[in-house]
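*Asks:* Chains A and B are the protein sequences, given in the same order.
Quick note: the first sequence uses UniProt numbering, first residue 1, plus one each step.
Quick note: the second sequence uses UniProt numbering, first residue 1, plus one each step.
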Amino acid sequence: MEKVTRLASERGVVIFTKSSCCLCYAVKILFQELGVNPTVHEIDKDTEGREMEKAIARLGCSAPIPVVYIGGKLVGSTNEVMSLHLSGSLIPLLKPYSATLS
Amino acid sequence: MNSPSTQFVSSRRMGVYDPIQQINMWGESLKSNVNLAASIPLIDEAEIKFDSQSEDASHGMLGTNNKYDQEASKPIDKIQRRLAQNREAARKSRLRKKAYVQQLESSRLKLMQLEQELERARQQGMYVGGGLDTNHLGFAGPINSGITTFEMEYGHWVEKQNSQILELRNALNSHIGDLELRILVDDMMNHYSEIFRMKSAAAKADVFYVMSGMWKTTAERFFLWIGGFRPSELLKVLLPLIEPLTEQQRLDVCNLGQSCQQAEDALSQGMEKLQQTLADSIAAGQLMEGSYIPQMATAIEKLEALVSFVNQADHLRKETLQQMSRILTIRQAARCLLALGEYFQRLRALSSLWSNRPREPA
Numbered sequence: 001m002e003k004v005t006r007l008a009s010e011r012g013v014v015i016f017t018k019s020s021c022c023l024c025y026a027v028k029i030l031f032q033e034l035g036v037n038p039t040v041h042e043i044d045k046d047t048e049g050r051e052m053e054k055a056i057a058r059l060g061c062s063a064p065i066p067v068v069y070i071g072g073k074l075v076g077s078t079n080e081v082m083s084l085h086l087s088g089s090l091i092p093l094l095k096p097y098s099a100t101l102s
Numbered sequence: 001m002n003s004p005s006t007q008f009v010s011s012r013r014m015g016v017y018d019p020i021q022q023i024n025m026w027g028e029s030l031k032s033n034v035n036l037a038a039s040i041p042l043i044d045e046a047e048i049k050f051d052s053q054s055e056d057a058s059h060g061m062l063g064t065n066n067k068y069d070q071e072a073s074k075p076i077d078k079i080q081r082r083l084a085q086n087r088e089a090a091r092k093s094r095l096r097k098k099a100y101v102q103q104l105e106s107s108r109l110k111l112m113q114l115e116q117e118l119e120r121a122r123q124q125g126m127y128v129g130g131g132l133d134t135n136h137l138g139f140a141g142p143i144n145s146g147i148t149t150f151e152m153e154y155g156h157w158v159e160k161q162n163s164q165i166l167e168l169r170n171a172l173n174s175h176i177g178d179l180e181l182r183i184l185v186d187d188m189m190n191h192y193s194e195i196f197r198m199k200s201a202a203a204k205a206d207v208f209y210v211m212s213g214m215w216k217t218t219a220e221r222f223f224l225w226i227g228g229f230r231p232s233e234l235l236k237v238l239l240p241l242i243e244p245l246t247e248q249q250r251l252d253v254c255n256l257g258q259s260c261q262q263a264e265d266a267l268s269q270g271m272e273k274l275q276q277t278l279a280d281s282i283a284a285g286q287l288m289e290g291s292y293i294p295q296m297a298t299a300i301e302k303l304e305a306l307v308s309f310v311n312q313a314d315h316l317r318k319e320t321l322q323q324m325s326r327i328l329t330i331r332q333a334a335r336c337l338l339a340l341g342e343y344f345q346r347l348r349a350l351s352s353l354w355s356n357r358p359r360e361p362a
């Protein structure tokens, strides 16, 4: 869990994914479309991936992956990201970390 | 799967004096299949022998009786007449039985053909349900109860949708108060939540069924995007119909449309990636090996990812509707929902017209 929070705070926009997950890829594309380059951690490629996966599952997001952190704070999974974006609240969160938005 | 032959008693087991009820029952069900009787009779020679044998038997019986009645003439006439009538009745009965058996045989053949077509269609991944009354045909095959349930519930959903649209239209024309209007709007919103819940269950039962929009009419399917309508397109259609809007509302709706578009693009690209990785996993190894079990295993994992895409697309649709109801006033929302409902009604009507249009004779 510490590794998760440490990695989550290292950068502005952090996504925990699995290399085979195409929905994770879609979320990454969305962020890129909004002018943000997220830091992607593929937990299936990580040596401590198993523990990270368990820790992430305990966060209680709508899905186990992808899991998104913005500014070190947990945003959630794809559902949460989409809801935020449609309500117009995602872009304000991303402004500090985007070259094109601010 | 039950073979159709078990449904029909073989003609050989069917005695001449079978229970009339059974024959009548089958007669009822075959009445509509009169055209099937026109096919070549499949009765074998043994059957014909059986008939002539029974005819000989009755002649034999008559022969014995005749000897004893030769003395009296009046009773002989009566008896002769009755015997002749019996013979005639028996002959007619045998002819009817023959005709029946012919009908049964050709129906059986038709059934076998239909069964084969169904199997072929199922293997090709098409869902063949709807019009066929599977209980009646006695299929115990791989029927997907989750999809059967969905199709049934969807029929009810459309009916309720149509009555809600009618109610909303009347309400807007009669200038009812905002409070009552809100109830109608909430009802309709809940009704949409219902279809998304149903689709989620159906996606678990058969994701390809949902992806292909199998329950939708043809015109609706033309606009299909990941198992349903494309929210941004719908917003473009509905926007001019909910004027007048305040400047803030117009801005909000535009932003909503743009966010929708971006989310849709991201999901579409994710789907493309899924297609690509699926193709890669199927093609892994040499495509000339002849055995492909490991490829199938990884491919199946990929297909399961489709379920999450369908759910995500539905989540997007649901969120779009909810955002619209937040941006608009209750009256605007009511007009918006009415327009949305009628839009789909028109699409369904178009599909119906299209399938019933007069075609050029081949």
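The beta-carbon is built from N, C-alpha and C at its ideal position, and this holds for glycine as well.
(1) If the cut is a Cβ gap below 7 Å, which residues of chain B does A:His-41 touch?
(2) Can you tell me whether B:His-175 is buried or exposed? The criterion is at least 16 other CB atoms within 10 Å of its CB, across all chains shown.
(3) Under 7 Å Cβ-Cβ, which residues of chain A neighbour B:Glu-319?
(4) List the residues of chain A that B:Leu-316 touches, going by C-beta distances under 7 Å, in chain order.
(5) Would you verify that the beta carbon of A:Val-75 is, or is not, closer than 8 Å to some beta carbon of chain B?
(6) Rounded to whole angstroms, what is the Cα-Cα separation between B:Leu-168 and B:Leu-179?
(7) Considering only the beta carbon of each residue, do residue 388 of chain B and B:Cys-336 sit closer than 8 Å?
(8) Kindly indicate the opening and closing residues of the beta strand (DSSP E) around A:Thr-39.
(9) Considering only their Cβ atoms, is the gap separating A:Val-14 from A:Ile-56 smaller than 8 Å?
(10) Below 9 Å between beta carbons is the criterion; list the residues of the segment 86–100 of chain A that meet it against any residue of chain B, in chain order.
(11) What are the residues in the segment 3–26 of chain A lying within 9 Å of chain B by C-beta distance?
(12) On a CA-only basis, which of A:Thr-39, A:Cys-24 and A:Leu-23 is nearest A:Ser-98? Give me that one, please.
(13) Give the straight-line distance between the Cα atoms of B:Thr-259 and B:Asn-311, rounded to the nearest whole angstrom.
(14) Name the chain A residues that come within less than 8 Å of B:Asn-255, Cβ to Cβ?
(15) Excluding five sequence neighbours on each side, which residues of the same chain lie with their C-beta closer than 6 Å to the C-beta of A:Tyr-69?
(16) If B:Ser-351 sits next to B:Glu-220, beta carbons under 8 Å apart, how far is it from one beta carbon to the other, in whole angstroms?
(17) Quick test of the definition: if touching needs 3 or more C-beta pairs under 8 Å, does the segment 233–246 of chain B touch the segment 268–280 of chain B?
(18) For B:Ala-201, which of B:Gln-262, B:Glu-151, B:Leu-316 and B:Val-185 has the nearest alpha-carbon?
*Replies:* On the basis of the data shown:
(1) None at all; the shortest Cβ gap to chain B is about 18 Å.
(2) exposed
(3) Met-82, Ser-83 and Leu-86
(4) Met-82
(5) no
(6) 13 Å
(7) The question about residue 388 of chain B has no answer here: the residues shown for chain B are numbered 1 through 362.
(8) 39–42
(9) no
(10) Leu-86, Ser-87, Gly-88, Leu-90 and Ile-91
(11) Ser-20, Cys-21, Cys-22, Leu-23, Cys-24, Tyr-25 and Ala-26
(12) A:Thr-39
(13) Note that residue 259 of chain B is Ser in the sequence shown here, rather than Thr. Answer to the nearest angstrom: the Cα atoms are 18 Å apart.
(14) Gly-88
(15) Ala-8 and Val-14
(16) 7 Å
(17) no
(18) B:Glu-151
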